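**Student:**
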Amino acid sequence: EAAAKMAEELAERQEALNQQMEDAQSEEQREQVSRAEEQAASEASSLQQELDELSKELEESGHQTASEETDEAGENLQNEATPSMQQAAQQMRQGQQQQAGKSGEKAQQSLSEVAQDLRQAAESMTQQVDQAQVEAVRRAAQDLVNLSQRQEQALGEGGEPRARARREQDLREGTERVADDLFEVAK
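Under the numbering used here, the first residue of the sequence shown is numbered 473, with each subsequent residue one higher.
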């Protein structure tokens, strides 16, 4: 989620830089915009490195879909957004404002796509967590059914008091485990 927000902020900054490219009149203004574009490209490159690390962590923690979406976002940064930003900076320095504007627009589009990919990755993780919680509740419900059946059997069985007490203790412990599991899911 934080990475998506960072990509959105870069896209917004790129939009502002695109406007500045269009409005730049003097050599000094073009140089200033060029430096700002290079700084934004550097930040995009840093974000790409963070996404590589995040993707590995997601894959290791079993979030395959989110990992793939994060990979896709990182590749887009590396292959589209950052080069377009660097190209825009260079074109501004060379006085090619129209080409710089096109490169800047391409960078902005790529950054918007990166932000969308990262939002999808966050959504995938949320869905995966929700599914895991539903499965945990289902398991707990099944455990309660099993415990109830064992309780009914225990009531029907006779036996010495110690054996019955042990069975009751086992059932109580099982019920406590299920309650603990449900408490963990509720967190």
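We treat Cβ as the ideally placed atom computed from N, Cα and C, and that holds for glycine.
This structure is a prediction, so every number in the text was calculated from the model and none was measured.
1) Give the list of continuous alpha helix (DSSP H) stretches no shorter than 4 residues that lie fully inside the region 505-569.
2) Just to confirm my understanding: we take E450, look at its own chain, exclude 5 residues before and 5 after, and list those with CB closer than 6 Å. What are they?
3) Whole angstroms are fine: how far does the CA of S517 sit from the CA of K477?
4) Closest to V505 by CA distance: which of E473, T537, N618, Q566 is it?
5) With DSSP collapsed to three states, give me the class of G631.
6) If we ignore side chains and look at the alpha-carbon of each, how far apart do Q497 and Q563 end up?
7) Mind reading off the beta-carbon distance from N490 to E577? Whole number of angstroms is fine, and I expect it under 8 Å.
8) What residue from Q559, S556, Q521, A560 has the CA that sits closest to A545's CA?
9) Between which two residues does the alpha helix (DSSP H) holding A474 run?
10) A593 to A488, Cα distance in whole Å?
11) Give a single yes or no on whether A587 has its beta carbon closer than 6 Å to a heavy atom of the ligand NAP.
12) Using beta-carbon positions only, say whether Q558 and A513 come within less than 7 Å of one another.
13) Does the beta-carbon distance from S539 to L530 come in below 7 Å?
**Tutor:** In brief:
1) 536-548, 554-565
2) For residue 450 there is no data in the structure shown, the boundaries of the chain being 473 and 659.
3) By 1-based counting over the sequence shown, the position of residue 477 is 5. By 1-based counting over the sequence shown, the position of residue 517 is 45. Rounded to the nearest angstrom, the two C-alpha atoms are 15 Å apart.
4) In the sequence shown, the residue the question calls residue 505 occupies position 33. Nearest C-alpha to V505: Q566.
5) As a working mapping, residue 631 is identified with position 159 in the sequence shown. In this structure, G631 counts as coil in the three-state DSSP scheme.
6) Indexing the sequence shown from 1 puts residue 497 at position 25. Indexing the sequence shown from 1 puts residue 563 at position 91. Rounded to the nearest angstrom, the two C-alpha atoms are 14 Å apart.
7) Your numbering for residue 490 matches position 18 in the sequence shown. Your numbering for residue 577 matches position 105 in the sequence shown. 6 Å between Cβ atoms; contact.
8) Here residue 545 refers to the residue found at position 73 of the sequence shown. Out of Q559, S556, Q521, A560, Q521 has the C-alpha closest to the C-alpha of A545.
9) Taking the first residue of the sequence shown as position 1, residue 474 is located at position 2. First-last of the alpha helix (DSSP H) with A474: 474-495.
10) In the sequence shown, residue 593 corresponds to position 121, counting from 1. In the sequence shown, residue 488 corresponds to position 16, counting from 1. When rounded, the distance between both Cα atoms is 27 Å.
11) Inclusion of the ligand NAP in the displayed structure is not the case, the ligand content being empty and no account of it being possible.
12) Here the question's residue 558 lines up with position 86 in the sequence shown. Here the question's residue 513 lines up with position 41 in the sequence shown. Yes, these two residues count as a Cβ contact at 7 Å.
13) Position 67 of the sequence shown, counted from the start, is the residue given in the question as residue 539. Position 58 of the sequence shown, counted from the start, is the residue given in the question as residue 530. Their beta carbons are under 7 Å apart, which means S539 touches L530 by this criterion.
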